[in-house]
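A.B. asks:
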Amino acid sequence: MEDSQGTLIDRVNREAQLFKDVGVAVGEAGQRWLETSTQLCADLETFGDAALLDPEVQDADRSGHVRAAAELFERVAVLSPRVPQMLAGLSAQADSFKDLLGECVTAVSDGTVDVALVERAQRMRASFETSYVSMADLLDEVAAIDEALRFQLVRLGLRDGGQ
């Protein structure tokens, strides 16, 4: 049995809402990345200045905290470029979905919405969600490194424990 135009329109509307919900989450993730990367930059500057200029911090390296912090910064340096790339990819997917919704609006006004169009919307939204989950996982990994880094900076006396 073929879906009615009303049912197909409802399915397209549902996909559009789901896509919008994920888009809001992507925006929040982008804000989270901005805040995390800003803090990481500040921590790197503090750490770099201290590790290079402060003899007490250099002496603390016997305990391995300077080395541990440097290794954490290296891990962040490897992961960080992936976040903007992922955000750009998500933006491109959002643009494609917007174009598809334009097709859907035209099909609705023409009364020609079909199952293939709805299924395309579902696949595109599912792909967007998968990309978002990958980016969220990466942000979680960066946040975990940031937390470990903060611990090392506190141990080195470069950060208050409450920050």
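Residues in the sequence shown are numbered from 101 upward in steps of one, following this note's numbering.
All C-beta atoms in this analysis are idealised placements derived from N, C-alpha and C, irrespective of residue type, glycine included.
As the structure is a computational prediction, the values presented were derived from the model and not from experiment.
Is the region 240-256 in contact with the region 169-189, if contact means three or more CB pairs nearer than 8 Å?
C.D. replies: Yes, since at least three Cβ pairs between the region 240-256 and the region 169-189 fall closer than 8 Å, the two stretches touch.
A.B. asks: Determine the DSSP secondary structure at Pro184, reduced to helix, strand or coil.
C.D. replies: For the purposes of this step, residue 184 is taken as residue 84 along the sequence shown, with counting starting at 1. DSSP places Pro184 in helix when its eight states are reduced to three.
A.B. asks: Hey, Arg111 and Val208 are a contact pair by Cβ (cut 8 Å); roughly how many whole angstroms apart?
C.D. replies: The residue given as residue 111 occupies position 11 in the sequence shown. The residue given as residue 208 occupies position 108 in the sequence shown. Not quite, the Cβ-Cβ distance comes to about 11 Å (not below 8 Å), so this is no contact.
A.B. asks: What residue ranges within the region 126-180 form continuous alpha helix (DSSP H) runs of no fewer than 4 residues, ordered along the chain?
C.D. replies: Those alpha helix (DSSP H) runs which fall completely within the region 126-180 and span 4+ residues are 155-160, 165-179.
A.B. asks: Classify Asp199 as helix, strand or coil using the three-state DSSP reduction.
C.D. replies: Here residue 199 corresponds to residue number 99 of the sequence shown, with the count starting at 1. Looking at Asp199 - three-state DSSP - the assignment turns out to be helix.
A.B. asks: For Leu144 and Ala168, what's the separation of their Cα atoms in angstroms?
C.D. replies: In the sequence shown, residue 144 corresponds to position 44, counting from 1. In the sequence shown, residue 168 corresponds to position 68, counting from 1. Approximately 13 Å, taken between the alpha carbons.
A.B. asks: Of the residues Lys120, Ile109, Asn113, Leu134, which one's Cα is nearest the Cα of Gln193?
C.D. replies: Residue mapping note: residue 193 aligns to position 93 of the sequence shown, counting from 1. Ranking Lys120, Ile109, Asn113, Leu134 by Cα distance to Gln193 puts Lys120 first.
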